[in-house]
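*Asks:*
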Amino acid sequence: MPEFLSVSSEQEAVSLFSPETIAELSVKNTSREGDDFREAIFVRFASGKRLVVKLAQNAFTNPERIGMWRRCADEYRRLGYYCPEIFSALNGEFPAVLYKNHQCFAYAEEFSLYPSADRCPNAKPFRKELYRMTARIAAQKFQYTNLPSAYCLFDTFGDDETDEVLENALEFRRYSRTLPEPFREQTDRIFARWEENRTELEKGYAHLPASVFQADLNDTNVLLDEEGRFAGIYDFNLAGKDVFLNYLFREIYEGSFDEERNEILTALKICAAVYAFSETEKEAALPLYRCLKPLWFTRVEALKDAGNDAAAIQQCLDDMERAQTQNIDFRSAMEG
331 MPEFLSVSSE
341 QEAVSLFSPE
351 TIAELSVKNT
361 SREGDDFREA
371 IFVRFASGKR
381 LVVKLAQNAF
391 TNPERIGMWR
401 RCADEYRRLG
411 YYCPEIFSAL
421 NGEFPAVLYK
431 NHQCFAYAEE
441 FSLYPSADRC
451 PNAKPFRKEL
461 YRMTARIAAQ
471 KFQYTNLPSA
481 YCLFDTFGDD
491 ETDEVLENAL
501 EFRRYSRTLP
511 EPFREQTDRI
521 FARWEENRTE
531 LEKGYAHLPA
541 SVFQADLNDT
551 NVLLDEEGRF
561 AGIYDFNLAG
571 KDVFLNYLFR
581 EIYEGSFDEE
591 RNEILTALKI
601 CAAVYAFSET
611 EKEAALPLYR
621 CLKPLWFTRV
631 EALKDAGNDA
641 AAIQQCLDDM
651 ERAQTQNIDF
661 RSAMEG
């Protein structure tokens, strides 16, 4: 257990990272439910320099992970993508501090040079650039950490009891048992097929190519320049080692099953221009899709939203089953 340094104010927290005179300071609390405390202190110094000091108490913020986030951001920068630099305290550590009655770890970030895509009024399409970037990171096959990303499969992140894919499938099974009896045979079949797919996928999953990814490419974490063009990314809190195919498929979640499938095929073609998919990846793509997508939480939520509408329930279940059984030619896309 680390020894926590008592910090009585935002100014004192900032002083751990810079001796400069503070000209302006503001605080943003982004805490989540339960014991997850997070606070960011935005600072402008008298010199004009700007810094963001972050303090967090949760299951995935600790010096080892913060160091990994820093390395991860460094590697993206080396490939030409802007990422705000992550800094340790003046003593070279990511200090343990008692702050506002929370046992936190602290670190600092360069204030981003660019706005996030959700705040950029002239944003240009950037999904293709994200796929190329992801493929280039995958091609490096980074192995500098074994800490898993939040997208991990057959592993757990932070204090999670299961991986998110299994959690979603178990929620489907739980909710399906509240549906009227006529749906029982189909829902049992869907869950049994999902279990078979997962078991089959697990046999060779650990041997699929992996790298270390940022793992949260939503619009709030994508950075665009003044002309609305893709510039880089930030927020590495969910970063970690992951199987490339799992990471890529998990970053794509949109619309109907058909729209999602077509976007995955597009992403694979784009990635194939800068990344050579192995034979094992080509073989794993379909079972991975069948494990990840049919019972994803958005599909389970759609089933719940159907309420007592028998026709809507049937449509949800039929869509899930079609996603589990249709043959999708991922191989051709992966061969460019």
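In our numbering, the protein residues as written are 331 to 666.
Using N, Cα and C, we set each Cβ at its ideal position, and we do this for glycine too.
Note that the coordinates shown come from a computational prediction; the quantities given were computed from them, not determined experimentally.
#1: Compare the Cα-Cα distances from Cys482 to each of Lys571, Ala403, Asp489 and report the closest residue.
#2: Could you tell me which residues DSSP pairs with Asn359 in its beta bridges?
#3: Is the Cβ of Gln341 closer than 8 Å to any Cβ of chain B?
#4: What's the gap between the Cα of Ile352 and the Cα of Ala632?
#5: How many Å lie between Ser356 and Ile396 at the Cα?
#6: Using a Cβ-Cβ cut-off of 6 Å (strictly less than) and excluding sequence neighbours within five positions of Leu428, which residues of its own chain qualify?
#7: Going by DSSP, name the residue or residues bridged to Gln387.
#8: DSSP three-state label for Ile467, please.
#9: Is the CB-CB distance between Phe347 and Asn392 below 8 Å?
#10: So, Phe560 versus Phe456, is the Cβ gap smaller than 8 Å?
#11: For Tyr411, is the classification buried or exposed, using 16 other Cβ atoms within 10 angstroms of its Cβ as the cut-off for buried?
#12: Run through DSSP, which three-state label would Val604 get?
#13: Are there 16 or more other CB atoms within 10 angstroms of the CB of Leu496, so buried, or fewer, so exposed?
#14: On the criterion of 16 or more Cβ atoms from any shown chain inside 10 Å, does Tyr667 qualify as buried, or is it exposed?
#15: Is Asn527 buried or exposed, if buried means 16 or more other CB atoms sit within 10 Å of its CB?
#16: Based on DSSP bridge pairs, tell me the residues matched to Arg374.
#17: Which residue spans inside the segment 594-664 form an unbroken alpha helix (DSSP H) run of at least 4?
#18: Taking all protein chains shown into account, do 16 or more other C-beta atoms lie within 10 angstroms of the C-beta of Arg652, making it buried, or fewer, making it exposed?
#19: Helix, strand or coil for Ile416? Go by DSSP, reduced to three states.
#20: When you compare the segment 640-650 with the segment 511-521, are there three or more beta-carbon pairs, one atom per stretch, that lie closer than 8 Å?
#21: When the Cα of Ser662 is compared with those of Lys634, Arg620, Gln654, Ala606, which residue comes out closest?
#22: Here's a check: name, in chain order, each residue in its chain whose Cβ is nearer than 7 Å to the Cβ of Phe502, leaving out the five neighbours to either side.
#23: Since Cys434 sits in a beta bridge, which residues does DSSP pair it with?
#24: Report the option in Cys621, Pro332, Pro349 whose CA atom is closest to the CA atom of Asp493.
#25: For Asp572, which of helix, strand or coil comes out of DSSP?
#26: When the Cα of Gln387 is compared with those of Asp404, Phe424, Arg380, Leu409, which residue comes out closest?
#27: Taking its Cβ as the centre, do 16 or more other Cβ atoms sit within 10 Å of Tyr583, making it buried, or is it exposed?
#28: Select from Ser608, Ala597, Ser506, Arg374 the residue whose C-alpha is nearest the C-alpha of Glu668.
#29: Taking C-alpha atoms, which residue in Gly637, Thr517, Glu525, Leu547 lies nearest to Ala649?
#30: Give a yes or no on whether the C-beta atoms belonging to Ser446 and Thr360 are separated by under 8 Å.
#31: Evaluate Leu443 with the Cβ neighbour count: other Cβ atoms within 10 Å of its Cβ, from every protein chain shown; 16 or more gives buried, anything less gives exposed.
#32: Per DSSP, what kind of secondary structure is Ser348 in: helix, strand or coil?
#33: Per DSSP, which residues does Leu554 bridge with? Please list them.
#34: Could you tell me the alpha carbon to alpha carbon distance between Cys402 and Tyr535, rounded to whole angstroms?
#35: For Ala522, does the three-state DSSP call read helix, strand or coil?
*Replies:* Reading off the structure:
#1: Lys571
#2: Glu369
#3: Looking for chain B here will not work: only one protein chain is present.
#4: 49 Å
#5: 23 Å
#6: Phe334, Ser336
#7: Phe367
#8: Three-state result, Ile467: helix.
#9: no
#10: yes
#11: buried
#12: Looking at Val604 - three-state DSSP - the assignment turns out to be coil, as it is neither helix nor strand.
#13: Leu496 should be labelled buried.
#14: With the chain running from 331 to 666 in the structure shown, residue 667 is simply not present.
#15: Within 10 angstroms of the beta-carbon of Asn527 lie 16 or more other beta-carbons, which makes it buried.
#16: Glu354, Arg380
#17: 609-622, 627-635, 640-655, 660-664
#18: By the neighbour-count rule (16 or more Cβ atoms within 10 Å), Arg652 is not buried but exposed.
#19: strand
#20: yes
#21: Ala606
#22: Here the set comprises Phe521, Leu625, Val630.
#23: Val427
#24: Cys621
#25: When secondary structure is reduced to three states using DSSP, Asp572 falls in the strand class.
#26: Phe424
#27: Per the 10 Å Cβ criterion, exposed.
#28: No answer is possible for residue 668: the residues shown for the chain start at 331 and end at 666.
#29: Looking at the sequence itself, residue 649 is Asp, so the reference to Ala does not match. When only C-alpha atoms are compared, the closest one is Thr517.
#30: no
#31: exposed
#32: Residue state, collapsed to three classes: coil.
#33: Phe560
#34: 23 Å
#35: helix
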